[in-house]
Amino acid sequence: MIATSVKYRGHRCFTKDFVGFETIKPVNVIIGKNNTGKSHLLDFAESLCGESAQNKTSGWECQCEGVLKEDDLHRVFGQSAIPWTQPLHGHPWKDYGALLVGATVSWDVDSTGTVKVTKLPQAVTLHNRGETVTRVYEERISAILKNAKPPLSGRRFRRLVADRDIQPESATLDRSLSSNGGGATNLIRRFEHSTSTEVDAGIIEGKVLHALNEIFQSDGHFNKLEVKHHDEKQTEERDTRWELFLAEEKKNLVPLSASGSGLKTVILVLLNLLVVPHSEKRAPKDYVFAFEELENNLHPALLRRLFQYLEQFARANETTFFLTTHSSVALDVFGLSEHAQIIRVTQENGSAKAERITAHFDQQAVISELGAKPSDLLQANGILWVEGPSDRIYLTRWIELLCDGELREGRDYQCAFYGGALLARMQFTSPEEADIELANLLRLNHNIIVVCDSDRTAKTGKGSILKNRVQRIEEEVLMIPRAHIWITHAKEIENYIPGPVLIKALSVDAVPDPDQFERFFPPESARKRQTSFVQKHLKRKTIDKVELALKASPHMTKELLAKRFDWADQLRSIVEKIRSWN
Numbered sequence: 000m001i002a003t004s005v006k007y008r009g010h011r012c013f014t015k016d017f018v019g020f021e022t023i024k025p026v027n028v029i030i031g032k033n034n035t036g037k038s039h040l041l042d043f044a045e046s047l048c049g050e051s052a053q054n055k056t057s058g059w060e061c062q063c064e065g066v067l068k069e070d071d072l073h074r075v076f077g078q079s080a081i082p083w084t085q086p087l088h089g090h091p092w093k094d095y096g097a098l099l100v101g102a103t104v105s106w107d108v109d110s111t112g113t114v115k116v117t118k119l120p121q122a123v124t125l126h127n128r129g130e131t132v133t134r135v136y137e138e139r140i141s142a143i144l145k146n147a148k149p150p151l152s153g154r155r156f157r158r159l160v161a162d163r164d165i166q167p168e169s170a171t172l173d174r175s176l177s178s179n180g181g182g183a184t185n186l187i188r189r190f191e192h193s194t195s196t197e198v199d200a201g202i203i204e205g206k207v208l209h210a211l212n213e214i215f216q217s218d219g220h221f222n223k224l225e226v227k228h229h230d231e232k233q234t235e236e237r238d239t240r241w242e243l244f245l246a247e248e249k250k251n252l253v254p255l256s257a258s259g260s261g262l263k264t265v266i267l268v269l270l271n272l273l274v275v276p277h278s279e280k281r282a283p284k285d286y287v288f289a290f291e292e293l294e295n296n297l298h299p300a301l302l303r304r305l306f307q308y309l310e311q312f313a314r315a316n317e318t319t320f321f322l323t324t325h326s327s328v329a330l331d332v333f334g335l336s337e338h339a340q341i342i343r344v345t346q347e348n349g350s351a352k353a354e355r356i357t358a359h360f361d362q363q364a365v366i367s368e369l370g371a372k373p374s375d376l377l378q379a380n381g382i383l384w385v386e387g388p389s390d391r392i393y394l395t396r397w398i399e400l401l402c403d404g405e406l407r408e409g410r411d412y413q414c415a416f417y418g419g420a421l422l423a424r425m426q427f428t429s430p431e432e433a434d435i436e437l438a439n440l441l442r443l444n445h446n447i448i449v450v451c452d453s454d455r456t457a458k459t460g461k462g463s464i465l466k467n468r469v470q471r472i473e474e475e476v477l478m479i480p481r482a483h484i485w486i487t488h489a490k491e492i493e494n495y496i497p498g499p500v501l502i503k504a505l506s507v508d509a510v511p512d513p514d515q516f517e518r519f520f521p522p523e524s525a526r527k528r529q530t531s532f533v534q535k536h537l538k539r540k541t542i543d544k545v546e547l548a549l550k551a552s553p554h555m556t557k558e559l560l561a562k563r564f565d566w567a568d569q570l571r572s573i574v575e576k577i578r579s580w581n
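Here the sequence shown stands for residues 0 to 581, numbered as in numbering that gives the first Met the number 0.
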């Protein structure tokens with residue numbers, strides 16, 4: 000049996016409240032001020048990689064919860080068809096054990112390792128079978144729980160502490176990497192220069208270098224990563240150490256000792272993820288990685304990309320991460336992720352406590368506690384300005400499709416509405432050039448994307464002319480660095496919806512793709528007699544914009560949308576722009 004939830008007390012600063020993990024996600028962020036006990040919670044995480052949920056040698060007390068499995072229940076209730084006699088009656092498995100399959104049970108473990116059932120499954124309590132039956136259940140369930148394993152049982156725990164470094168090192172046959180970075184240079188040397196068939200020289204120049212550039216992006220592009228021997232001193236006291244060197248494009252090799260600590264941190268993370276598993280002939284999913292305070296000497300944009308890389312790695316390799324941090328960037332990256340959880344550690348009355356953070360206002364409290372102001376941190380990385388709610392539904396779905404879910408609203412960008420015709424009362428200009436009678440939306444955020452319906456009804460002639468407000472906004476946005484504007488080649492955003500999507504979304508037959516300049520919605524005024532796409536092909540007098548967007552979006556695919564006018568080019572530009580903000 001595997002315990003799904005484990006909490007403990009009795010270790011270091013966690014003396015009063017039970018703390019731990021109600022569930023374990025691919026990424027588990029432990030956040031709090033300095034010296035609150037974040038690292039001690041990692042000690043507990045390490046114990047969850049052991050063979051027993053009853054850590055008898057630690058002296059800790061534990062509260063556990065788990066689900067009873069059929070195999071475990073067979074072991075204590077048996078499969079015999081012979082009925083029980085006194086004091087119980089009926090078949091051990093059919094009338095008793097089988098009722099518990101898939102049921103949840105809670106239990107405590109005291110400091111000596113003694114197990115006590117604290118909450119029996121509802122299959123026992125609801126039927127109120129009496130004291131004798133309840134006692135038998137407790138005894139047999141306890142026999143299962145004594146052998147219960149923690150949720151990460153059998154995995155190797157690798158830790159990278161906050162006080163870490165990569166130093167020049169003498170050559171040895173050892174391929175170990177310590178929690179403070181010791182052995183990193185020698186590990187790389189073995190992979191690059193060893194003739195052993197146990198190591199793959201291509202991992203350093205291939206996987207590690209590629210991942211390093213993926214994380215650094217515009218902050219640095221490296222084309223070489225190798226170790227060199229310090230043998231420049233031609234004396235008997237010659238230096239025998241090797242050192243790691245890196246080269247950027249059009250630059251000479253630079254020793255790592257002349258580089259910043261942030262670069263060393265990223266390299267140590269990648270050695271743990273990509274090189275150590277290969278060296279130990281294990282898959283990444285066989286490990287639990289615990290990294291402490293990765294934000295040290297990393298600027299926020301680089302830290303954000305490192306965090307995003309870790310989340311992607313966890314999902315792709317079924318790996319588990321525990322990250323301690325006092326940086327609010329972690330909230331920005333992981334706060335909305337379904338693959339991560341935030342655990343806040345605080346000190347109260349001489350004892351530490353930990354709680355899972357889920358609500359928005361709890362996250363705001365953590366930000367304030369870390370000493371940051373809302374104006375510093377709660378501003379979105381960029382704003383996608385759209386006309387209204389239906390446009391937001393389409394754009395967020397299209398961005399998701401084009402980048403395979405990499406970019407998320409609320410983390411990498413935020414949608415905001417300008418309200419259609421209200422655009423005439425707004426502007427995107429620098430403060431010194433702003434019209435005081437217009438609301439300057441650029442003051443909210445300089446990283447912007449603006450999406451406007453062209454409202455064109457023809458390719459040429461009078462119907463092809465943009466409205467004055469749209470022309471003005473286009474001129475303003477084109478003057479702004481790191482900004483982008485999409486004025487639809489089609490009449491409006493709904494003209495991009497492929498016919499097959501409408502067929503599935505609205506359960507209708509034989510609907511064509513909307514034409515480029517076709518009026519999609521019926522005119523608001525009954526006096527206007529134009530026939531719309533909705534009336535002609537959907538056989539409706541009207542349709543709600545948001546309702547249509549909600550029904551149509553799930554059925555959209557890249558393959559269908561790529562054929563629609565300028566969709567592919569514009570979405571590529573939008574995704575690239577959002578990536579540049581992050």
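Think of the CB as a built atom: it goes at the ideal place given N, C-alpha and C, for glycine as much as any other residue. Model, not experiment: these values are computed from the prediction.
When the distance is taken between beta carbons, is F516 closer than 8 Å to K461? The answer is no: Cβ separation not under 8 Å.
Going by CA-CA distance only, name the one from V385, V275, F321 and I1 that's closest to T183. Rather than Thr, the amino acid found at residue 183 in this sequence is Ala. Nearest of V385, V275, F321 and I1 to A183, Cα basis: V275.
Could you tell me the alpha carbon to alpha carbon distance between G96 and H73, rounded to whole angstroms? For G96 and H73, the distance between alpha carbons rounds to 7 Å.
Give the DSSP-derived three-state secondary structure of W59 in the structure shown. Per DSSP, reduced to three states, the secondary structure at W59 is coil, with no helix or strand assignment.
4 or more residues per run - each alpha helix (DSSP H) lying fully within the region 138 to 205: For the region 138 to 205, whole alpha helix (DSSP H) runs of length 4 or above, ordered along the chain, are 183 to 192.
Using C-beta distances below 6 Å, list every residue in its chain close to R539, excluding the 5 sequence neighbours before and after it, in chain order. Here the set comprises V533.
Taking C-beta to C-beta, are V344 and L302 nearer than 8 Å? Their beta carbons are not under 8 Å apart, which means V344 does not touch L302 by this criterion.
Straight-line Cα distance separating L547 from M478: Each residue's alpha carbon lies about 35 Å from the other.
Are the Cβ atoms of I342 and N34 separated by less than 8 Å? A distance of 8 Å or more separates the beta carbons of I342 and N34.
Nearest to T357 (by Cα), restricted to the options C402, S336 and E347: Across the set C402, S336 and E347, the C-alpha of S336 shows the shortest separation from the C-alpha of T357.
How would you write the range of the alpha helix (DSSP H) that N467 sits in, first residue to last? Residues N467 to L477.
So what's Y412 in DSSP terms, helix, strand or just coil? DSSP places Y412 within a strand segment (E or B) once states are collapsed to three.
Could you name the residues of the same chain whose beta carbon sits closer than 7 Å to that of N212, not counting the 5 residues immediately before and after it, in chain order? Correct list, in chain order: H220 and F221.
Name the two residues that bound the continuous alpha helix (DSSP H) containing T239. Careful: T239 lies outside any alpha helix (DSSP H) and carries neither H nor E.
Keeping to the same chain, check which residues put their C-beta closer than 7 Å to that of N251; ignore five residues upstream and five downstream. Contacts found: none.
Report the three-state DSSP secondary structure of Y308 (helix, strand or coil). In the three-state reduction of the DSSP assignment, Y308 falls in the helix class.
At a cut-off of 7 Å, would you count E213 as near the ligand COA, judging by its Cβ distance to the nearest heavy atom? As for the ligand COA, it is missing from this structure, which has no ligand bound.
Measure the alpha-carbon distance for K544 versus I447 and round it to whole angstroms. Going by the C-alpha atoms only, they are around 24 Å apart.
Could you tell me if I577 is buried or exposed, where buried requires 16 or more neighbouring beta carbons within 10 angstroms of its beta carbon? Buried, because 16 or more other Cβ atoms sit within 10 Å of the Cβ of I577.
Residue range of the alpha helix (DSSP H) that H209 falls in? H209 -> alpha helix (DSSP H) spans L208 to F215.
Buried or exposed: which applies to E432, given that a residue is buried once 16 or more other Cβ atoms fall within 10 Å of its Cβ? E432 should be labelled exposed.
Presumed contact (8 Å Cβ cut-off) between Y393 and I492, rounded CB distance: With 8 Å as the limit, Y393 and I492 qualify as a contact, their Cβ atoms being about 6 Å apart.
Given that a residue counts as buried once 16 or more other Cβ atoms are within 10 Å of its Cβ, and exposed if not, what is N494? Per the 10 Å Cβ criterion, buried.
Span separating the alpha-carbon of E294 from that of K550: Approximately 42 Å between the Cα atoms of the pair.
Buried or exposed: which applies to S429, given that a residue is buried once 16 or more other Cβ atoms fall within 10 Å of its Cβ? Looking at its Cβ environment, which holds fewer than 16 other Cβ atoms inside 10 Å, S429 is exposed.
Taking all protein chains shown into account, decide if E50 is buried (16 or more other Cβ within 10 angstroms of its Cβ) or exposed. Taking all protein chains in view, the Cβ of E50 is surrounded by fewer than 16 other Cβ atoms within 10 Å, so the residue is classified as exposed.
From this set, Y417, H554, L406 and P150, which residue's C-alpha is nearest R571's C-alpha? Closest option to R571, Cα to Cα, is L406.
Segment limits, beta strand (DSSP E) that includes V344: V344 -> beta strand (DSSP E) spans A339 to E347.
Rounded to whole angstroms, what's the CA-CA distance from V114 to Q346? Just pull it up for me. Across the structure, V114 and Q346 are spaced so that their CA atoms are roughly 29 Å apart.
Are the beta-carbon atoms of L41 and R158 separated by less than 8 Å? The Cβ atoms of L41 and R158 sit closer than 8 Å to each other.
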